[in-house]
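Read left to right, the sequence shown gives residues 63 to 289 (our numbering). We put the beta carbon where it would ideally sit given N, CA and C, even for glycine. I have placed the structure first, in the form of structure tokens, so that the comments after it can refer back to it.
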Amino acid sequence: SYEYSTCPACSRSIVSSPPSGSSAGAQQQERIIVNLHNEGGLQEGIDIMPILKEEGYLRAYPEERKSRAFLEFCREGDHRAIAELLLSCNDEADSDGEGDEQDQEGMDTDGDADGQPKSADEILRYQDPIGEMESGLHAAVANGHREVAWMLLLLASDYSELEFPALVFQEAAVLGVMREDQTGKVDIRSLRDTHGRTAEDLAKEAGTLWTGWIGNGRLAMPGGTGA
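This is the structure:
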């Protein structure tokens, strides 16, 4: 197993607990604070717990690497990288039959437990099991990235195409992605995090940044229905 909570030299715990009386859960607030000295100089008080937790998760579940890259692109607002990643899923699906002999030797590191590569649909609807079940839409809204939100709505929801700006379709065409039939698929607007929040709930907390996106079925299912 990947151990990151104790010092490799003395085996003492290096995890700091939240302040007493904290309203948040202790597990959620645990930190590993370090002073980092590298080419960029000295950085003091850096919390490396999220990095170590992710590395431990990927060592246990290497097939999740592409899904986690997708979430990171959503947080960074890199809609072009998202498109490239989704297209690579389609390429893998097309060549899946050609790699059957290799798959018998071991699992594809970007696939599921059966060695099958994750589909673009699965990645679009991925929720972070070590990050409060955040979806890509949650990540885009929390970080203020409208272009990513539009792309996710186009590719993973039934939101009316009449409501999309023309530029969204133009950019999607340039990037080589388009909406497919959504019948029977989970609408990304219905996804909720561990606190029961939709992406619209996060938009409400963000204030004026998402003006015009709230209460119209754009970031949550009409009528408040959801997963």
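Item: With DSSP as the reference, label L253 as helix, strand or coil.; Value: coil
Item: Quick one: is A71 buried, meaning 16 or more other Cβ sit within 10 Å of its Cβ, or exposed?; Value: exposed
Item: Pull up the DSSP beta-bridge partners for L98, would you.; Value: Q105
Item: So if DSSP puts S78 in a beta bridge, which residue, or which two residues, is it bridged to?; Value: R93
Item: Does the pairing of the stretch 197 to 204 with the stretch 180 to 188 give three or more beta-carbon distances under 8 Å?; Value: yes
Item: Report the residue from R280, D190 and W212 whose alpha carbon sits nearest the alpha carbon of R241.; Value: W212
Item: From I113 to T260, what does the alpha carbon distance come to, in whole angstroms?; Value: 25 Å
Item: My assumption, with CB atoms under 8 Å, is that G139 sits in contact with N205. Please give the rounded CB distance.; Value: 7 Å
Item: Among the residues of its own chain, which have a CB less than 8 Å from the CB of I192, if the five just before and after it don't count?; Value: K115, E116 and Y119
Item: Please tell me whether L271 and A145 are closer than 8 Å, where the distance is taken between their beta carbons.; Value: no
Item: Within 10 angstroms of the Cβ of L148, are there 16 or more other Cβ atoms? Answer buried if so, exposed if not.; Value: buried
Item: Which class does S333 belong to by DSSP, given the choice of helix, strand or coil?; Value: Residue 333 lies beyond the range of the chain shown here (63 to 289); nothing can be said about it.
Item: At what residues does the alpha helix (DSSP H) containing C136 begin and finish?; Value: R127 to E138
Item: Smallest Cα separation from C151: which of A265, L133 and P179?; Value: P179
Item: Output needed for Q105: all residues of its chain with C-beta closer than 8 Å, excluding positions within five of it in sequence on either side, in chain order.; Value: N97, L98 and H99
Item: Suppose you measure from the CA of L133 to the CA of P227; what does that come to, to the nearest Å?; Value: 24 Å
Item: Between which two residues does the alpha helix (DSSP H) carrying D29 extend?; Value: Residue 29 is absent from the structure shown; the chain starts at 63 and stops at 289.
Item: Have a look at A202 and T68 and give me their C-alpha separation to the nearest angstrom.; Value: 34 Å
Item: Can you tell me where the alpha helix (DSSP H) holding Q232 begins and where it ends?; Value: A228 to L237
Item: Using the rule of at least 16 other Cβ atoms within 10 Å of the residue's Cβ for burial, across every protein chain shown, is D190 buried or exposed?; Value: buried
Item: Out of G269, G258, I108 and L281, which has the shortest C-alpha to C-alpha gap to L37?; Value: Here the chain comprises residues numbered 63 to 289, so residue 37 is not present and cannot be evaluated.
Item: Measure the alpha-carbon distance for T245 versus L217 and round it to whole angstroms.; Value: 12 Å
Item: Assign S78 to one of two classes, buried (16 or more other C-beta atoms within 10 Å of its C-beta) or exposed (fewer than that).; Value: exposed
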